[in-house]
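Those sequence lines, one after another, are chains A and B. If you're matching positions, the first sequence starts at -9 in my numbering and goes up one per residue. If you're matching positions, the second sequence starts at 497 in my numbering and goes up one per residue. Here the structure comes first, spelled out in structure tokens, and everything after it is commentary.
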Amino acid sequence: MVDPALVGAAQAGDALALDELLEELLPMVRRLTTTVAPSVAEDATQEALLAIFRNLRELRNPEAIVAWTRKLTIQTALRLARARRRDEPVDSAPASRIDPGEQLIELVDALQRLPAEQRTVVALRAIEGLSEQEAARALDLPVGTVKSRLNRARASLRKGWLT
Amino acid sequence: MADMSAEIGLDPVVRLRVLAAALPGSTLVTREIGAPLASVWAVVEDLERYSPLYEPSVASAAGEERGGRKILHMTYKNGFREDCVVRLAAGWCLMQSPSVVVAFAARSTKTGTLLVHLEHWRSPGQASFAASKLEGELLEIERLAQSLP
């Protein structure tokens, strides 16, 4: 939960508030870009942050900062992932840094092998904890599309896990 | 020196570019400094000693810790005085007074140090700082860094 007063101060041009807001939002931005666009995560993080802070004054409701940041980050990460056409398997080195447990590494590897669109809905549901409706709003998609992507992701993960 | 990106969670140079994106009218300049990061940052972070040497308008700067924050008492050559709140970390220096925002970010390169400098008037309607002013400051910081033992 980000303090709306902090967002308001940042929108008003308080640089210390901007810096503090950046620190608050960075972990979520990184989680999303690392999951949605692992092969271009650093570029996606930078571009997402630039988009967020360049357009911060357009956010009318400071209380919506998290949802708004999530949306911009996902849009940016997906755009870069598609541009790079890097939906192929990614080296598991980033996963190894996340958790030393072998099974978790395998799970994260399987996740990273999913197409970006499926990876995104899994990230929003399983990592960010959003409901299907919230994920649909974040992605500007019908709930049905989110559900079908989740189902396909689950089937792929199950298949990848068992083989 | 400590790993820059680990301390803040983001490359300080990227962080400053993000901050600049949120401050329309701010001036941002970059210079590849011919001195190691440790020397450059020794100059930048010692605001009391060095800022009057590279910032043409500053007569003196006196720091104090107040309520867990670093405060810099600035006296300008025209007699004007104001206090800056300072956030310092490895490779990151952000200062804000009622009238101005000043920031530096640095990272090591193969040949020296990439130093990025921002200045921004907080009052609306003020003309942006001239890039040449900031570039002059970076040149002076380079000279000071190169003169360190």
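Using N, Cα and C, we set each Cβ at its ideal position, and we do this for glycine too.
Residue i and residue j look like a contact to me (Cβ under 8 Å); what is the Cβ gap, rounded to whole Å?
i: GLU541 of chain B; j: CYS589 of chain B; result: 6 Å
i: ALA71 of chain A; j: VAL19 of chain A; result: Contact flag wrong, Cβ pair sits at about 15 Å.
i: LEU515 of chain B; j: LEU8 of chain A; result: 6 Å
i: PRO508 of chain B; j: ALA601 of chain B; result: 4 Å
i: VAL614 of chain B; j: THR523 of chain B; result: In the sequence on display, residue 614 of chain B carries Leu and not Val. About 7 Å; that satisfies the 8 Å criterion.
i: LEU549 of chain B; j: ALA557 of chain B; result: About 10 Å; that fails the 8 Å criterion.
i: ALA518 of chain B; j: ARG44 of chain A; result: 7 Å
i: ILE582 of chain B; j: THR526 of chain B; result: The sequence given here places Val at residue 582 of chain B; Ile does not occur at that position. 22 Å between Cβ atoms; not a contact.
So, residue i versus residue j, is the Cβ gap smaller than 8 Å?
i: LEU11 of chain A; j: LEU(-4) of chain A; result: yes
i: ALA106 of chain A; j: LEU147 of chain A; result: no
i: VAL98 of chain A; j: ALA143 of chain A; result: no
i: ALA2 of chain A; j: VAL597 of chain B; result: no
i: ALA41 of chain A; j: THR23 of chain A; result: no
i: GLU578 of chain B; j: GLY559 of chain B; result: no
i: PRO28 of chain A; j: GLN102 of chain A; result: yes
i: ILE55 of chain A; j: LEU49 of chain A; result: yes
i: GLU528 of chain B; j: THR605 of chain B; result: yes
i: THR110 of chain A; j: LEU140 of chain A; result: no
i: GLU118 of chain A; j: ARG60 of chain A; result: yes
i: GLU14 of chain A; j: VAL30 of chain A; result: no
i: ALA125 of chain A; j: VAL136 of chain A; result: yes
Could you tell me the boundaries of the alpha helix (DSSP H) in which residue i lies?
i: LEU12 of chain A; result: 5 to 26
i: ARG562 of chain B; result: Run containing ARG562 of chain B: none in the alpha helix (DSSP H); it sits in the beta strand (DSSP E), 554 to 562.
i: ARG127 of chain A; result: 122 to 129
i: ARG577 of chain B; result: Note, ARG577 of chain B: premise wrong, no alpha helix (DSSP H); beta strand (DSSP E) at 577 to 585.
i: ILE637 of chain B; result: 627 to 643
i: LYS61 of chain A; result: 55 to 74
i: ILE42 of chain A; result: 31 to 44
i: GLU48 of chain A; result: Taken as a continuous stretch (DSSP letters only), GLU48 of chain A belongs to no alpha helix (DSSP H), as it is neither H nor E.
i: GLU159 of chain A; result: Given a span of -9 to 153 for chain A in the structure shown, any question on residue 159 of chain A remains unanswerable.
i: GLN1 of chain A; result: -6 to 1
i: LEU515 of chain B; result: 508 to 517
Among the candidates the options, whose CA atom is the shortest distance from the CA of residue i?
i: LEU634 of chain B; options: B:THR605, B:ARG511, B:PRO508, B:ALA531; result: B:ALA531
i: ALA534 of chain B; options: B:LEU506, B:PHE625, B:GLY587; result: B:GLY587
i: ALA34 of chain A; options: B:LEU506, B:PRO620, B:THR607, B:VAL581; result: B:LEU506
i: CYS580 of chain B; options: B:ASN574, B:ALA599, B:MET591; result: B:MET591
i: GLU53 of chain A; options: A:ALA(-1), A:SER121, A:LEU129; result: A:ALA(-1)
i: SER624 of chain B; options: B:ARG513, B:LEU512, B:PRO520, B:VAL510; result: B:PRO520
i: HIS616 of chain B; options: B:PRO594, B:LEU644, B:LYS566, B:VAL510; result: B:PRO594
i: ARG127 of chain A; options: A:LEU39, A:TRP58, A:GLU32; result: A:TRP58
i: PHE576 of chain B; options: B:VAL554, B:GLY608, B:LYS566; result: B:VAL554
i: THR607 of chain B; options: B:TYR572, B:VAL536, B:ARG618; result: B:VAL536
i: SER643 of chain B; options: B:VAL510, B:ARG511, B:VAL539, B:LEU512; result: B:VAL539
i: ALA116 of chain A; options: A:GLU13, A:GLY134, A:ARG21, A:ARG69; result: A:ARG21
i: ARG156 of chain A; options: A:ARG47, A:ASN51, A:GLU96, A:GLU37; result: Because chain A here runs from -9 to 153, residue 156 of chain A falls outside it and cannot be looked at.
i: ARG511 of chain B; options: B:SER628, B:ALA626, B:ARG618, B:ARG603; result: B:ARG603
i: MET570 of chain B; options: B:GLU561, B:SER547, B:ARG562, B:GLY564; result: B:SER547
i: ASN51 of chain A; options: A:GLU96, A:VAL136, A:PRO(-6); result: A:PRO(-6)
Could you tell me the boundaries of the beta strand (DSSP E) in which residue i lies?
i: SER604 of chain B; result: 596 to 604
i: GLU615 of chain B; result: 609 to 617
i: ARG565 of chain B; result: 565 to 572
i: GLU528 of chain B; result: 523 to 529
i: ILE549 of chain B; result: Before going further, note that residue 549 of chain B is Leu rather than Ile in the sequence given. Note, LEU549 of chain B: premise wrong, no beta strand (DSSP E); alpha helix (DSSP H) at 543 to 550.
i: GLN592 of chain B; result: 588 to 592
Does the ligand COA have even one heavy atom less than 7 Å from the beta-carbon of residue i?
i: ILE95 of chain A; result: Of the ligands one can find in the structure shown there are none, so the ligand COA has no counterpart to examine.
Taking Cβ-Cβ distances shorter than 9 Å, what residues in chain C pair up with residue i?
i: LEU506 of chain B; result: Here the protein chains are A and B, and chain C is not one of them.
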